[in-house]
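Chains as they are written, first to last, in my numbering: chain P, 48 to 525; chain S, 221 to 600; chain E, 226 to 587. Data first, discussion second: the structure below is written as structure tokens.
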Amino acid sequence: MKIEKSAAENAAIIKKTFHNSFDLQIRFFTAAGAPAAAVYLDGMCDEMKITECVLKPLTNKENFSRFGSPAAAVKARAYKGMGLSEETDLNKIAAALTEGNLALFLENEETAFLFSLQGFPKKGIDTPEAEQNEQGGSERFADSFKDNVTLLRRRLKTPALVTERTVIGETSRTDVIFCYLEGRADPAMLQKIRRRLEKTGLDTLLGSGYLKPFLDGGSPGLFSDTGFTERPDMLAAKLAEGRIGIIADGTPYALIAPYLFIDYFHSLDDYMGSPAYALFLRLLRLACFFISAALPGLFVATCDFHPEVLPPGIMLDIAAAEAKTPFSLAFEAFAIHLIYEIVREAGLRMPVAVGHAVSIVGALVVGDAAVTAGLIAAPMLMVVALTAISSAVIPKLHEPLALLRFGLIALGGITGFFGVFIAMGLLLSDLCGGSPYGVPFSAPFSPFVKKAQRDALRRAGWRTLGRTRTTAREMKFE
Amino acid sequence: MKRKAVCMILALTALLTALSGCGPQSVELSDRLIVEAIGIDKTDAGVLVTLQALDTHAAGAGSDPNEQGQVTRLYRFSGESVGQALSGVRAATGLTPLYSQARVLLFGRSLAEAGLAEALDFFLRVCNARSDILIAMAESAAEDPVAADFGATVPGAVIMEDVLNGSLRDGMGAAVKLYDFMNLTYTGTDTAFCPVIGIREQALEDAQKPVLQGTAFFENGRLAFTAGEDLTRGMLFLKDRVETGAIRAAGENGTYTMRIISSETKISPTLYENGRANARIRVKTVCDITEFTPKDDACRLGEAEAADAAAAGKAWLEALLNDTLSVLFYEKHADICRLARLVNLKYPRLAAAYAERMFEATDITAEVEFTVRRTGKEGI
Amino acid sequence: MRDKGSVSAAQFFCVLFVSRIIALFTFIITDAAAYPAGDRGIVFLPFILAGVLCAVPVLLVLGRKEDRTLFTLTERLSPAVTKGAALIYTAGAVWSAAVSAVRFELFMSTVMYTEAFLTPLIALMLGAAVLIAARGLEPMGRMSVGVLALIAVSLAYVGATTAGEFELANLEPPLQSGVGTLLKEAFFAVARTSELATMLILAPRIHGSVKKGYLLWLALFGLTISAVFTVILGVTGAYGERQMFQLYSLTVLSRIGVIERLDSLICAIWVLCSLTRLAFHLYVGALYLEKCAPVKPGAKAYILLSLPVFGLYLLFSGKIVRFADVLRSGANEAVFSVLLIGIPLAVWAAEKIKYRKRRAAA
């Protein structure tokens, strides 16, 4: 819809477009000697910037006629450092207002001026909550995509860092930034991701997690082919490996594609210490994965079907403890894991003020009272505790692990090792089946990429790692 | 869609399996009869099987998990065969028997004399029974050691297992596993053997203790003869099963008690065209002197004494080995060195003929290399 | 970008190895005289030789560039020949899968679930195999690498923990029944390998040298047979010879300290091998089925094939005598001879003759 000649009319059209929303502000004034209307959304623009950058320069006692026209005067006098641009389409102007721009309509002018005067409230840079490091940086992505891009640019000070902007969501019109390092990211992967982002068809995009299913390749398995991080340094590291990052406005998490299975077990701390310790930590995390997923199921299967595996002393302890409880081992395992998930969910959702109450309920009621009352056996509680702690070592995998755990408990209780290992076979097949963007999810182990072993399970020293790098492109199928 | 369909089918199958009772049935640990020791005796009507089992319910009721000795129970089952006798366990106790934790399998003398093949067959076929369970023959009835009160806080089976394993390590007794026993029985040329366990009263405590009473030897699964402690020791040296132990030997300068650090035995048979065989047995033993009793009070342990100790040890061991071979091999015709098998491996074509005349046609020479490594804290 | 229906040579032969090794683990000696214990330690040499000789017809079909399948040649002969051959090979794949299922059920019901009715579990296993087959050949190849690693670790564990019980006197001298028996044993060992038939349809999808990969597979597998059986014999001796599942009897004996009786856990790892084997046969069966029926390889085809597999399995499930009779009757060897020697040789020869005639006519 083209702009009208009358500034007041343009303002009225914009007001109608916004359905007379109360936060749409219209100020009529004389700008550079001509009637003008400044339209903006209250709260989205910085009032100080409006005054200093627009109103003051255009309403002072200067002789604006020497510029030839009010529009020329605006271009000359308004503070250009605030991203001054021109627009003739009222729909685009309305869209620009939602991004914190101020639109200036001049009487008898066919273009409107857009000033980028964002001043909306936003959260500052926090410390990471879920991805803590001992020696790494302490900055976390913010909610604003611009701040996030800035955080990234500070770590990759190269022109090769490309940030492509797109808008997703018919209603929410959320800004999504698609970033990669030119020359390292695979063009075919980039194309595929762009196409998938274009085809989302979402109405509202309120979190980067909405995009994950669209970015995941193939049929959905238990594990996502798209990772996420709240750390700009982690994203920078992955971009350097030829991966592609997606930052959505309003979410302090960036998505990374492609994301391999082994990536879930990497941390920035691995690169700060000695390679031997890094190997130890990665093996530990891998072990925690298996403990968290399989220990309860295997425990139930062992006690109910294959007790010969247990050393005699342990067997008697478990048998003696279980003799006191009224429930079957499988039911106990199921119930106590369910309680753990409830406590965990409560910890996430409830107000901080009542956090202590939940801890007390969790520890005393579940941990102590249940055992004392003979409802749950102590060995089972130990298994659950170990499972929970192991799960906390790799928080990104909590979702699939939780589902896997319950499934394996059920199978272990029904069929013993047979069913548990059929499930693990399916799990292995799931791990090996994904190939997001041509890179197998199980790479670089299967298929074996020798060069990538430098930083897969073991981490080579920096003298080796610093010399060459393995990008995602090199792990693609031939 | 198809993947979802297959997943649904899988889930339904699993659910149906669980609900219908088809498929494996889970048994809680507390519903199991955890058997620790098994004793089998021959009776007029068949066999008597005595089981020493853990009572998990009593263990659960008790406050101290270490007081396991008070939570064992004895069960006795009779039947025409072992399998038939044990088929009544579930009906009698309401618990599902679990044999995989059993530590010792004892059989009585009468059963040994009648033949073990039938009795042991059950434990070779049942899947949860262990083929590496220790077996032994009881001095008289197997029921006695299984039912004995050893007065300790651990089950009697644990004590018996410790005695058997400990004696093997010390070269005093032969701890034999079931599969090993059956292997020797099946070959046809080897002589199967197992330790003999007896019960003695403990002097100061109101309890009994298990003691080893030598070794029992079998022919075709039947008890042939028994041998005492000395012959057992010699046999263990010949079979290279001595890990440690003590030797007391008298030399020219005094009597030496030595601790065996290592012992290695190599047997090399040579079969000649005339059908005679020569078996060279080399035993290399290394010891530390742990005690020296000099003939002369003033004599101290010096280099000469160390050499004397080595010579005394060598003489002692040679005498032991020769006695053992003379009795067990030449007199009792027990192929304890598995010579027939070794000859079969080296001379397959002549082995069959040799095996028939083995005990008459074999000259065995036992050579001992005895080394004293250390003489203890007190210097030379 | 490579599609999921193709695989590298290394991964393909991993699949074959895993598929074959479970047959070794659950192998039942139905005729002790035909398989003297002493020969198993040296059987790997004649096994490799027999494997190479028996593979000649298949390799002739594949051609020098290894880019042909059996059906490349049959299509040049006639559609009827294609359909007939495809039907036979589909039946062969179904038969192999069913025998695997029966053998595995017999194994599990003997050593682990003695009082259970295992048919629902085998059905579950088939369902899982369908899901795995549906993912494609390449994921199956990758999965096999992981399974192979687990198998290697478990075998190494068993070997290391039982090495102390090894006695030279338990061994048997080789060639006691003569060279002929050894060669027969080697041939029968090869004849039980239905995996070779899969190369007749999968060769163009394998990236890398099929011949080299096959030779390496033969060598490794042969060495594995010899090593495993030598250790079994050395540790368990005559007792082990009498066991139905010899390797299992060895795993029962492995222990470190208080950790003992991990045989249940190790056997559970073998479930993964069995799954891979079933999935692989379903996958290949679907490829054959496509040639003789209007069914494209996919979930539908795998489900369709799993039905006769299950049906055949039910025929033999719980009937050990009937099953042993079938194995002893030489059914497997007959299937092998037809599928791997007879048909490939006949097709290759017929195509060559037709091609020569065509050239002469031109």
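Note that beta-carbon positions come from the ideal geometry of N, C-alpha and C, so glycine has one too. All values reported here derive from a predicted model rather than from experimental measurement.
Check: Using 7 Å as the limit for Cβ to Cβ distance, is P364/E near chain P?
Finding: yes
Item checked: Among F438/S, A524/S and R500/S, the one whose alpha carbon lies nearest that of E472/S -> A524/S
Margin query: Only counting the same chain, and skipping five residues up and downstream in sequence, which positions put a Cβ closer than 6 Å to that of S233/E?
Written below: Cβ within range, chain order: H432 and G433.
Notebook entry, point to check: With a CB to CB cut of under 7 Å and the five nearest residues on each side skipped, what residues in its chain are close to A422/E?
Noted result: Here the set comprises Y314, G317, L564 and L565.
Margin query: Any beta carbon from chain S within less than 7 Å of T462/P's own beta carbon?
Written below: yes
Next item on the list: Give the residues of chain S in contact with L362/P, contact being defined as C-beta atoms less than 8 Å apart.
Entry: It is worth fixing the name first, because residue 362/P is Met in this sequence and not Leu. What M362/P touches in chain S: L249, I254 and Q321.
Margin query: Would you call the stretch 279-298 of chain P in contact with the stretch 194-204 of chain P, where contact means no fewer than 3 C-beta pairs closer than 8 Å?
Written below: yes
Next item on the list: Mind reading off the beta-carbon distance from E449/S to G434/S? Whole number of angstroms is fine, and I expect it under 8 Å.
Entry: By a beta-carbon distance limit of 8 Å, E449/S contacts G434/S. Their separation comes to about 6 Å.
Check: What span of residues does the beta strand (DSSP E) with G418/S cover, start to end?
Finding: Residues A412 to E421.
Next item on the list: Along the alpha helix (DSSP H) that carries F272/E, what are the first and last residues, could you check?
Entry: F269 to L287
Checklist line | Neighbour list for S351/S in chain E, Cβ cutoff strictly below 8 Å | finding: Y464, S474, V477 and L478
Notebook entry, point to check: When you compare only the Cα positions, how much space is there between I228/P and E288/P?
Noted result: Per the sequence presented here, residue 228/P reads as Leu, with Ile not at that position. If you take the alpha carbons of L228/P and E288/P, they lie about 9 Å apart.
Note to self: Given this structure, state the Cα-to-Cα distance separating P489/S from A394/E, to the nearest angstrom.
What the structure shows: 12 Å
Next item on the list: Specify, as a first and last residue, the run of the alpha helix (DSSP H) that N440/S falls within.
Entry: Segment: none, N440/S is in no alpha helix (DSSP H) and carries neither H nor E.
Notebook entry, point to check: When the Cα of R569/S is compared with those of F590/S, V503/S, V588/S and E493/S, which residue comes out closest?
Noted result: Selected option, being the one with the closest Cα: E493/S.
Notebook entry, point to check: Which residues bound the beta strand (DSSP E) around Q238/P?
Noted result: Looking at the DSSP string, Q238/P is not in any beta strand (DSSP E); the run it does join, the alpha helix (DSSP H), is P234 to E245.
Notebook entry, point to check: beta strand (DSSP E) containing D261/S: first to last residue?
Noted result: R252 to K262
Margin query: So for E521/P, helix, strand or coil by DSSP?
Written below: helix
Check: Looking at V534/E and A322/E, is the spacing between their C-beta atoms short of 7 Å?
Finding: Note that the C-beta distance between A322/E and V534/E is below 7 Å.
Margin query: With a threshold of 7 Å on Cβ separation, who are the neighbours of N138/P within its own chain once the five nearest residues in sequence on each side are excluded?
Written below: M48
Check: Going along chain P, which residues have a C-beta under 7 Å from H277/S?
Finding: A370
Notebook entry, point to check: Would you say P398/E reaches chain S, if we count a Cβ-Cβ gap shorter than 7 Å as a contact?
Noted result: yes
Checklist line | Same chain, Cβ closer than 6 Å to K308/E, five either side skipped, listed in chain order | finding: C517
Next item on the list: Jot down the residue ranges of each uninterrupted alpha helix (DSSP H) in the stretch 501-541 of chain E, minimum 4 residues, whole runs only, in chain order.
Entry: 524-541
Margin query: Could you check whether the Cβ of C414/S sits closer than 7 Å to any Cβ belonging to chain E?
Written below: Chain E contact via Cβ: absent.
Note to self: Just to confirm my understanding: we take N180/P, look at its own chain, exclude 5 residues before and 5 after, and list those with CB closer than 6 Å. What are they?
What the structure shows: L315 and D316
Checklist line | At least 3 beta-carbon pairs within less than 8 Å: the stretch 110-118 of chain P vs the stretch 86-99 of chain P | finding: no
Notebook entry, point to check: According to the neighbour-count rule (16 or more other Cβ atoms, all chains shown, within 10 Å of its Cβ), is Q182/P buried or exposed?
Noted result: exposed
Margin query: Tell me which residue opens and which closes the beta strand (DSSP E) that G513/P is part of.
Written below: No beta strand (DSSP E) contains G513/P, which DSSP labels as neither H nor E.
Checklist line | Counterpart residues of L354/S in DSSP-defined beta bridges | finding: Answer is V324/S and K397/S, bridged to L354/S.
Note to self: Below 7 Å on C-beta distance, what does R360/E contact in chain P?
What the structure shows: S476 and G480
Checklist line | Buried or exposed by the 16-neighbour rule on C-beta atoms within 10 Å, applied to D400/S | finding: Counting Cβ neighbours within 10 Å, D400/S comes out buried, since at least 16 surround it.
Check: Can you find a C-beta in chain P that's less than 7 Å from the C-beta of A489/E?
Finding: For the record, residue 489/E in the displayed sequence is Ser; it is not Ala. So, interface residue.
Next item on the list: Counting only runs of 3+ residues fully inside the stretch 273-327 of chain P, write out the beta strand (DSSP E) ranges in chain order.
Entry: 274-276, 291-295 and 301-304
Margin query: For a contact defined as C-beta to C-beta under 7 Å, what are the partners of T335/E on chain S?
Written below: C347
Next item on the list: List the residues of chain P whose Cβ lies closer than 8 Å to the Cβ of L274/S, in chain order.
Entry: What L274/S touches in chain P: L363 and A366.
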